[in-house]
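Numbering (my numbering), first residue to last: 24 to 1236.
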């Protein structure tokens, strides 16, 4: 989509999102300004003020140069930076008894100075009371002095322990705060106090994140560093105008290459010296912390280590900077959910669903879906979430309390992992995420890393995940896993069908007493059906069961009667023979042919006796069929008749063609003359028709031709007929006078040409007549006068006769003899046995004699011999064909008849085949009706097939087929309903659903690890293993190479992160862990989204698809301490074109913002946590009674679950 100005939707989205994230960056700076001093931190512990005591251990100084990398196979625990044990305080010495009642209170407190009462009033019987002074008893004074000395000695030794105990208690309070608000606060060890008085800056510049752990067994607290990079407070340095950004970058790079620790020794001091002296012209490094009056007026820096509890804000600031940078590059695609939030239409559909009230009351179905894999029990809403995510890439889920949000997210993670996707699950607090990883299947847990409160636990979990991933990848084959998953999917499809059938059976069983029995669309109540079954049993109970429920009889009444009638037309024996394959008549020798073969068998034996073996090539002759030889002989005999031509002149032509040479050449020339004259006459016809030339009769044609030829040549050369030619060429003029063209003398060149053409034709006709007279007429052929005035026309028909006889030997006889020779007959040998014949045409007579006479007997003898072999082969072939029908009675009879040459039995067997074929239609129709009946009533079809009584007659036992069918359907359905066990069905369904979840879990496991194998590159796998091994080498973290090893570990971790497809961490950890310019997840899931404000858009930017889970009826973000007027000023300045910009005030949740753009809510409504009485109040107050409590009331241990208690209001006080 593009706007009217030609700007594309993608450009608009980039522009608007850039504005939004710049606004969020400014909002974050407004909320979390750069700290200039330590007074605003929730807790500050100054380490130098701690007492020196054995229970307080502080690892100071540079790494030990004498300690190398840890080479042990077992992981050594990293030595904490700080270890504080609880001090066992010794009690104050007890005063002697003589001092009883004389010491003032708090004498046992170490800070108090022990004092005594100077005077005491004691009761007296006589005086009532008497005053006794302390100094009156010298023993008491001495005892007090001695005890006070002992106490002073105790106090001197105990004061460090008391101070250490106070430090322990302060750390305990700090630990409680971290446990409660660890998602919002973090602990760091800081040093390098930078003081710039004119900018009111007095703050450490070097931080190291630590994890505070409590070991209750000792008890002790430890501050342990992680693998994170030592942090330079760059934001503070940027506040100083005279510090160039390049200097800050150089210091940060130095810290990365040569890391130092805040509690380090000379290395840290050197770094601090370079910071102050390299950043300020007059910067001063102080060797000791100055007193208040000794602080220099210019920039200075000194060592002052401390433990700070600070808000987790640095990660969000960097993430927002990176997002703005990434958007300005316009290289990466913007997530669709964010595009819709800023009001830009996309091509994807946004499925609309009603609000919470309507969404919650929609009917649900938790049936497993074929394409959605959930390894845990799932309801309709979970399947709808997965379907919407695939369709629109952004889903909003409302999860009221106790509706299984964590369970739903765990199901979604498995489903997404099976698709090979990477997932980030985050929330505002760690509480919502703490149990999520445990909800996943054990096979998937190594692929899911939880980074929650404890960095030590997260690091240990990452190490375990790295080892497990590397181990699985080393023994996994993606193709094999895909094949296994495909097999499991096929099995799951079968189980899905089975589960669907069981659900339908269970539903039917529950309503069996009221659901109508439907047969062919007609419903009958169970009561009415049972009555009719009882009443009509005698009339309609003849159809055997079972029958297919719910349908009418597949056969009509007429078809049923036709089926029974077929039993009269076809006997069981016929049906048996028709049911098996029979030989085809067209592939058998007919009875008449078989009878003829039998006869030929005898005749062939006699004829073969006349066989001349010397005239046949035995290797060739047997390759041809007998009929071929017989036909060939007949053709030779018929052709030989041609040799006895009755007309002498044609016999002369035949002989000329037979002998060839000059004889043939003469007849060839005659044919050529005929053809030439025919062509010339045809060409002349054009001139004759056009000019009508006439030649004189008194001049010979040769003379006319010569004169006309000269005349035409003269005219063609430009001459003219005139006076001169009359003098010089008188004979021309005499010819011209006698010739006529169109009844007059010729004048033009064309007229003379027509006369010349006619003269030539006349001359050639005269030549043809002369040649015909000599060649044909003299031999008794047709006379020349019979040819007419145009002899070429009649001669043309004779020319074909002449040609046929000239070429007869070459075209007819020789190919025929060649064919006979190829068939194995030695023609030349046979011809040599015939002597020459006298006469003009003796050779022709000799050949004719050879082609007739005994040749027929010789060929017939050879054919008979071949025929015998053919008969044997034909019968053998037919026998092989018939052997393919071992169960056919007719085939058996045919084989026996052939073996014995019994023509009568052979003919009888063929008639049997014809009879069976005549029953084929009835049999086929019977089989079709039975096949049509069998699926719906197999027992009935079997009874008719086997002709069991009473189904062996030619009529059905009853007349009303439809009524009998309905009777049987009612009876079986009533029996079926009565036999159904609902508990058994439920148990089977439960087991099937359990198998479905098991199969889904295995499919997810196989698909996930296959995708992991394909996704994880060698470099990432090496980074995983290298990270674990590097941490082992770090050991206690006190060695000389520990900083370098930790730096390598951080670099390896950056690569190894891509090998972990699922990360579970709170929002602040997300901002610290991932660079949006480099890493994008396929799916980002935000849980408890109603508690996260609009800054969570930064987390959504990390994913291509989004699932936002929350509940707007629960806790929403607050703006405590936020300057709302400044926020509104930012909104009005930076978010002018953004829809619903007023919602970006810090008090609107990301859930509410997503609700404006994600196109509807999928609401989880099944409540599992509380019994109905407890959740009912919230259900009525906030959810319009749409939550469905599913916990059984009897499962509550405490009863009653709700007790009425009145609380007085203001008016009741």
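Note that the Cβ used here is the ideal one computed from N, Cα and C, for glycine as well. This structure is a prediction, so every number in the text was calculated from the model and none was measured.
Straight-line gap, residue 35 to residue 416 (C-alpha atoms, nearest Å): In the chain shown, the residue the question calls residue 35 occupies position 12. In the chain shown, the residue the question calls residue 416 occupies position 393. Spanning the two alpha carbons is a distance of roughly 20 Å.
Span of the alpha helix (DSSP H), counted from its first residue to its last, around residue 199: Here residue 199 corresponds to residue number 176 of the chain shown, with the count starting at 1. 161-204 is the span of the alpha helix (DSSP H), which, as asked, contains residue 199.
Alpha-carbon spacing of residue 462 relative to residue 433, whole angstroms: Residue mapping note: residue 462 aligns to position 439 of the chain shown, counting from 1. Residue mapping note: residue 433 aligns to position 410 of the chain shown, counting from 1. Distance between the alpha carbons of residue 462 and residue 433: 6 Å.
Straight-line Cα distance separating residue 1007 from residue 1218: Locating residue 1218 in the chain shown gives position 1195, where the first residue counts as 1. Locating residue 1007 in the chain shown gives position 984, where the first residue counts as 1. Residue 1218 and residue 1007: Cα-Cα distance of roughly 24 Å.
Proximity winner among 222, 160 and 600, relative to residue 125 (alpha-carbon distances): Taking the first residue of the chain shown as position 1, residue 125 is located at position 102. The shortest C-alpha separation from residue 125 is found at 160.
Residue 351 - containing beta strand (DSSP E), residue span: Indexing the chain shown from 1 puts residue 351 at position 328. Per DSSP, residue 351 belongs to no beta strand (DSSP E); it is in the alpha helix (DSSP H), 337-352.
Rounded separation between residue 1221 and residue 570 - CA only: If you number the chain shown from 1, residue 1221 lands on position 1198. If you number the chain shown from 1, residue 570 lands on position 547. C-alpha separation (whole angstroms): 55 Å.
Cβ-Cβ separation, residue 318 to residue 218 (assumed contact under 8 Å), whole Å: Locating residue 218 in the chain shown gives position 195, where the first residue counts as 1. Locating residue 318 in the chain shown gives position 295, where the first residue counts as 1. Their Cβ separation, rounded to whole angstroms, is 6 Å, which keeps residue 218 and residue 318 in contact under 8 Å.
Close beta carbons around residue 367, own chain, < 6 Å, minus the five adjacent residues each side: In the chain shown, the residue the question calls residue 367 occupies position 344. Here the set comprises 32, 35 and 36.
The alpha helix (DSSP H) enclosing residue 1023, as first and last residue numbers: The residue given as residue 1023 occupies position 1000 in the chain shown. Start and end: 1005-1038.
Neighbour-count burial assignment, residue 294, 16 or more Cβ in a 10 Å radius: Your numbering for residue 294 matches position 271 in the chain shown. Its Cβ being crowded by 16 or more others within 10 Å, residue 294 is buried.
Beta-carbon proximity check, residue 456 vs residue 1125, cutoff 8 Å: As a first step, residue 456 must be located in the chain shown, where it is residue number 433. As a first step, residue 1125 must be located in the chain shown, where it is residue number 1102. No, the Cβ-Cβ distance between residue 456 and residue 1125 is not below 8 Å.
Residue 813 in three-state terms, based on DSSP: As a working mapping, residue 813 is identified with position 790 in the chain shown. Coil.
Cβ-based burial, residue 458 [other Cβ within 10 Å; buried from 16]: Against the chain shown, residue 458 aligns to sequence position 435. That one is exposed.
Residues near residue 145 by beta carbon distance below 7 Å, same chain, minus five either side: Counting from one through the chain shown, the residue named residue 145 turns up at place 122. So the qualifying residues of the chain are 152, 153 and 155.
Three-way DSSP call (helix, strand, coil) for residue 1218 in this model: Residue numbering aside, residue 1218 sits at position 1195 when the chain shown is read from its first letter. In this structure, residue 1218 counts as helix in the three-state DSSP scheme.
Close-in-space but distant-in-sequence residues of the same chain around residue 103 (CB under 6 Å, 5 per side omitted): Within the chain shown, residue 103 is the residue found at index 80, counting from 1. Within the same chain, residue 103 has close Cβ partners 245, 246 and 247.
Distance CB(residue 228)-CB(residue 260) smaller than 8 Å: Counting from one through the chain shown, the residue named residue 228 turns up at place 205. Counting from one through the chain shown, the residue named residue 260 turns up at place 237. Yes.
Proximal residues to residue 97 (C-beta, below 7 Å), its chain only, five neighbours per side dropped: Residue numbering aside, residue 97 sits at position 74 when the chain shown is read from its first letter. In this prediction, residue 97 has a pLDDT of 45, which is less than 50 and means its spatial position is unreliable; what the coordinates show is noted afterwards. For residue 97, where only same-chain residues beyond five positions count, there are no Cβ hits under 7 Å.
Contacting residues, own chain, Cβ-Cβ under 7 Å from residue 908 (five flanking each side not counted): Within the chain shown, the letter at position 885 stands for residue 908. 604, 605, 606 and 914.
Residue 1238 to residue 789 span [Cα, whole Å]: The structure shown has nothing for residue 1238, since the chain only spans 24 to 1236.
Beta-bridge partners of residue 106, as assigned by DSSP: The residue you call residue 106 lines up with position 83 of the chain shown. Note: residue 106 sits in a beta bridge opposite 80 and 245.
Exposure label - residue 730; buried when at least 16 CB within 10 Å: For the purposes of this step, residue 730 is taken as residue 707 along the chain shown, with counting starting at 1. Counting Cβ neighbours within 10 Å, residue 730 comes out buried, since at least 16 surround it.
Selected residue, minimal CA-CA separation from residue 515, among 398, 622, 451 and 123: Translated into positions along the chain shown, residue 515 becomes position 492. It is 398 whose Cα lies nearest to the Cα of residue 515.
Reduced DSSP secondary structure (H/G/I, E/B, other) of residue 14: As shown, the chain starts at 24 and ends at 1236. That puts residue 14 outside it, with no answer to give.
Complete beta strand (DSSP E) runs within the region 427-456 (minimum length 3 residues, chain order): 446-450
Identity of the residue in 1081, 597 and 979 nearest residue 1036 by Cα: In the chain shown, the residue the question calls residue 1036 occupies position 1013. It is 1081 whose Cα lies nearest to the Cα of residue 1036.
Identity of the residue in 117, 406, 83 and 1083 nearest residue 327 by Cα: Here residue 327 refers to the residue found at position 304 of the chain shown. It is 83.
Limits of the unbroken beta strand (DSSP E) element including residue 929: Looking up residue 929 in the chain shown gives position 906. No beta strand (DSSP E) contains residue 929, which is instead part of the alpha helix (DSSP H) from 926-941.
Rounded straight-line distance, which links the Cα of residue 55 to that of residue 1091: Position 1068 of the chain shown, counted from the first residue, corresponds to residue 1091. Position 32 of the chain shown, counted from the first residue, corresponds to residue 55. Spanning the two alpha carbons is a distance of roughly 14 Å.
Cutoff 8 Å; reference residue 73; Cβ partners in own chain excluding five residues on either side: On the chain shown, residue 73 is found 50 positions in, with the first residue counted as 1. Answer for residue 73: 79, 81, 186, 187 and 190, listed in chain order.
Close beta carbons around residue 578, own chain, < 8 Å, minus the five adjacent residues each side: Residue mapping note: residue 578 aligns to position 555 of the chain shown, counting from 1. Only 586, 952, 955, 956 and 984 meet the Cβ criterion.
Boundaries (first-last residue) of the alpha helix (DSSP H) holding residue 362: Numbered from its first residue, the chain shown carries residue 362 at position 339. Its alpha helix (DSSP H) spans residues 359-364.
Same chain, Cβ closer than 8 Å to residue 1223, neighbours up to 5 away in sequence not counted: What you label residue 1223 is simply residue 1200 of the chain shown in a count that begins at 1. Same-chain partners within the cutoff: 1196.
Local Cβ density within 10 Å of residue 289, reported as buried at 16 or more and exposed below that: Taking the chain shown and counting its residues from 1, one reaches residue 289 at position 266. It is exposed - the Cβ of residue 289 has fewer than 16 other Cβ atoms within 10 Å.
Residue nearest to residue 460 in terms of C-alpha spacing, selected from 444, 435, 441 and 451: Within the chain shown, residue 460 is the residue found at index 437, counting from 1. Of the candidates 444, 435, 441 and 451, the one whose C-alpha sits nearest the C-alpha of residue 460 is 435.
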